[in-house]
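Residue numbers (the working numbering), protein chains in the order written: chain A, 29 to 322; chain B, 29 to 322.
Following this line, the structure appears as structure tokens:
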């Protein structure tokens with residue numbers, strides 16, 4: 029790892045925060061001095077991270093975790109961004125870079141920007157990486173390996189380059205996009221799939237008891253995949269849907285129209301239409317495999 | 029493998045058919061004499077299976093593949109069951125057991141039963157196993173390992189026991205259920221998830237070109253899982269939806285109601301309702317992991 033940032037603060041010690049801590053340790057070269065400060069509002073998470081020995085300092089108050097840092101990473105649910113930004117505003121060091129890892133970008137920019145002092149650089153970001161697990165014990169150092177880490181910026185500056193470099197050192201491929209574009213893309217690739225998965229698992233859990241037990245017992249591949257997605261952190265996802273509602277509702281409307289069409293084809297027993305629809309979707313999969321994102 | 033069935037006919041050389049052929053080879057004991065007959069309507073598939081050397085005989089006509097067999101397995105799309113059953117009706121050997129591996133059971137029973145001679149035992153079945161790949165090269169011998177193989181029967185007979193034993197020898201756990209119950213359970217665990225996955229991938233593929241390319245590029249975990257499901261064989265799935273339309277449409281209606289509820293919660297920014305919904309679905313996942321079906 030290069031000498032970009034020497035003092036790094038991680039606020040929020042869940043899957044993403046602890047994976048960053050672990051990746052920093054895994055990637056730094058032997059003689060490199062990097063100091064990490066870790067903080068979470070939940071004292072149990074702080075204790076866990078202390079015991080795992082993956083941060084130089086685990087701080088009991090957020091100001092101590094922030095004040096020395098060249099780089100501050102907010103890896104917290106997007107619904108908490110505003111509160112945390114207002115809390116740390118006066119503790120941020122002059123010249124520091126602050127980023128976040130939230131899954132909605134317009135909302136985070138609106139919530140955080142007003143609290144950023146003039147001599148601090150706020151550059152929102154979003155690693156397209158995760159699992160269905162949450163909490164400090166779910167992190168692992170290779171989480172960002174070969175995954176995109178999106179930086180939200182309208183221009184390349186020395187600071188965006190520094191940050192990009194840091195993410196590349198953690199194993200990621202960095203691309204720069206606008207907040208609006210990000211929120212649309214992620215609505216269809218991540219938010220809508222999660223909503224759908226939550227819905228279908230919810231539908232199953234409302235079935236009569238016998239049927240429900242056998243749904244669990246005989247969960248064939250399709251449903252099993254959905255339950256994995258629907259096991260993700262409920263606070264994180266509540267906040268996502270509250271904070272990217274516009275893009276999600278737009279994509280959901282399109283989805284509903286397509287689903288109604290298919291429903292009609294099933295009712296009318298229109299095999300040709302079903303076949304042509306199912307053939308078309310296969311090619312998307314092929315492109316994803318070609319893009320190396322599988 | 030025990031000496032249950034000595035001469036086994038596999039009609040349909042896709043993922044399931046070739047996996048059965050491979051599993052028979054992998055599981056049979058050294059001195060056991062089992063003869064397999066393989067047939068597919070597609071001559072290319074027959075050539076492929078011949079080249080892979082996974083069947084004792086690859087037959088160029090379906091009657092030759094059937095006439096000697098103690099056990100006939102129809103591993104073909106459910107929409108072809110009626111035609112194939114009518115074709116083989118007079119070639120079936122006295123005392124033979126015939127089963128199928130289709131994903132819809134009421135329809136298969138209606139389509140196949142009229143063509144089964146009195147001295148032949150038709151016992152429908154369904155292995156809850158598969159991948160998104162299709163064709164003769166996609167099969168592998170461990171596909172059925174630790175997966176349920178459902179037998180559709182209202183009573184235990186010597187013949188159902190023989191068949192169950194054969195499936196157990198291929199690595200499966202066997203359970204007996206009624207056709208009606210099967211079709212309901214599979215509608216929610218497999219058919220609806222596939223329909224939803226096909227829909228969302230279709231919705232994405234209708235996006236404007238730029239957005240669509242970046243959806244592929246940045247396909248985060250949720251969407252990527254859906255594209256895998258939506259890459260499954262379109263003929264098989266067309267037939268499934270045509271032949272289990274009643275149960276699928278019923279489950280789809282429940283799903284649509286639940287999705288409308290969540291949509292409303294997002295629009296109204298009702299965080300409590302979203303949170304409680306997302307928490308509930310997590311427990312289903314836990315039960316599936318406990319049930320060892322992950």
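No residue lacks a Cβ here, since even glycine has one placed at the ideal position from N, Cα and C.
Values in this document were obtained by computation on a predicted structure and should not be read as measured data.
Beta-bridge pairing of residue i - partner residues as DSSP gives them
{"i": "residue 35 (chain B)", "result": "B:63"}
{"i": "residue 205 (chain A)", "result": "A:180"}
{"i": "residue 102 (chain A)", "result": "A:39 and A:128"}
{"i": "residue 150 (chain A)", "result": "A:126"}
Buried versus exposed call for residue i [16 or more other C-beta atoms within 10 Å across all chains shown]
{"i": "residue 314 (chain A)", "result": "exposed"}
{"i": "residue 59 (chain B)", "result": "exposed"}
{"i": "residue 319 (chain B)", "result": "exposed"}
{"i": "residue 128 (chain A)", "result": "buried"}
{"i": "residue 272 (chain B)", "result": "buried"}
{"i": "residue 123 (chain A)", "result": "exposed"}
{"i": "residue 142 (chain A)", "result": "exposed"}
{"i": "residue 297 (chain B)", "result": "exposed"}
{"i": "residue 234 (chain B)", "result": "exposed"}
{"i": "residue 57 (chain A)", "result": "exposed"}
{"i": "residue 266 (chain A)", "result": "buried"}
{"i": "residue 35 (chain A)", "result": "buried"}
{"i": "residue 184 (chain B)", "result": "exposed"}
{"i": "residue 91 (chain B)", "result": "exposed"}
{"i": "residue 155 (chain A)", "result": "buried"}
{"i": "residue 121 (chain B)", "result": "buried"}
{"i": "residue 186 (chain B)", "result": "exposed"}
{"i": "residue 304 (chain B)", "result": "exposed"}
{"i": "residue 309 (chain A)", "result": "buried"}
Cβ pair residue i, residue j closer than 7 Å
{"i": "residue 257 (chain B)", "j": "residue 237 (chain B)", "result": "no"}
{"i": "residue 169 (chain B)", "j": "residue 93 (chain B)", "result": "no"}
{"i": "residue 46 (chain A)", "j": "residue 167 (chain A)", "result": "yes"}
{"i": "residue 131 (chain B)", "j": "residue 276 (chain B)", "result": "no"}
{"i": "residue 248 (chain B)", "j": "residue 218 (chain A)", "result": "yes"}
{"i": "residue 77 (chain B)", "j": "residue 164 (chain B)", "result": "yes"}
{"i": "residue 104 (chain A)", "j": "residue 158 (chain A)", "result": "no"}
{"i": "residue 162 (chain A)", "j": "residue 97 (chain A)", "result": "no"}
{"i": "residue 180 (chain B)", "j": "residue 188 (chain B)", "result": "no"}
{"i": "residue 307 (chain B)", "j": "residue 145 (chain A)", "result": "no"}
{"i": "residue 270 (chain B)", "j": "residue 299 (chain A)", "result": "yes"}
{"i": "residue 67 (chain B)", "j": "residue 85 (chain B)", "result": "no"}
{"i": "residue 113 (chain A)", "j": "residue 140 (chain A)", "result": "yes"}
{"i": "residue 213 (chain A)", "j": "residue 246 (chain B)", "result": "yes"}
Neighbourhood of residue i by C-beta distance below 6 Å, restricted to the same chain and skipping five residues each side
{"i": "residue 200 (chain B)", "result": "172, 175 and 177"}
{"i": "residue 311 (chain A)", "result": "none"}
{"i": "residue 88 (chain B)", "result": "none"}
{"i": "residue 134 (chain A)", "result": "207 and 211"}
{"i": "residue 325 (chain B)", "result": "No answer is possible for residue 325 (chain B): the residues shown for chain B start at 29 and end at 322."}
{"i": "residue 117 (chain B)", "result": "143"}
{"i": "residue 205 (chain B)", "result": "178"}
For residue i, the three-state DSSP class (helix, strand or coil)
{"i": "residue 85 (chain A)", "result": "strand"}
{"i": "residue 316 (chain B)", "result": "helix"}
{"i": "residue 211 (chain A)", "result": "helix"}
{"i": "residue 155 (chain A)", "result": "strand"}
{"i": "residue 246 (chain B)", "result": "coil"}
{"i": "residue 30 (chain B)", "result": "In this predicted model, residue 30 (chain B) has a pLDDT of only 49, less than 50, meaning its place in the structure is not dependable enough to derive any value."}
{"i": "residue 269 (chain A)", "result": "helix"}
{"i": "residue 172 (chain A)", "result": "coil"}
{"i": "residue 258 (chain A)", "result": "coil"}
{"i": "residue 164 (chain B)", "result": "helix"}
{"i": "residue 199 (chain A)", "result": "coil"}
{"i": "residue 96 (chain A)", "result": "coil"}
{"i": "residue 57 (chain A)", "result": "coil"}
{"i": "residue 145 (chain A)", "result": "coil"}
{"i": "residue 70 (chain A)", "result": "coil"}
{"i": "residue 185 (chain A)", "result": "coil"}
{"i": "residue 298 (chain A)", "result": "coil"}
{"i": "residue 236 (chain A)", "result": "coil"}
{"i": "residue 121 (chain B)", "result": "coil"}
Chain-order list of residues whose beta-carbon lies under 7 Å from that of residue i (same chain, five-residue window excluded)
{"i": "residue 254 (chain A)", "result": "225, 228 and 229"}
{"i": "residue 82 (chain B)", "result": "46, 49, 50 and 53"}
{"i": "residue 136 (chain B)", "result": "106, 109, 128, 130 and 152"}
{"i": "residue 190 (chain A)", "result": "32 and 125"}
Interface partners of residue i on chain E, CB under 7 Å
{"i": "residue 229 (chain A)", "result": "Going by chain labels, chain E is absent from the structure shown, which instead holds the protein chains A and B."}
Cβ shell of residue i (< 8 Å), same chain only, five flanking positions each side left out
{"i": "residue 280 (chain A)", "result": "220 and 223"}
{"i": "residue 243 (chain A)", "result": "232, 235 and 251"}
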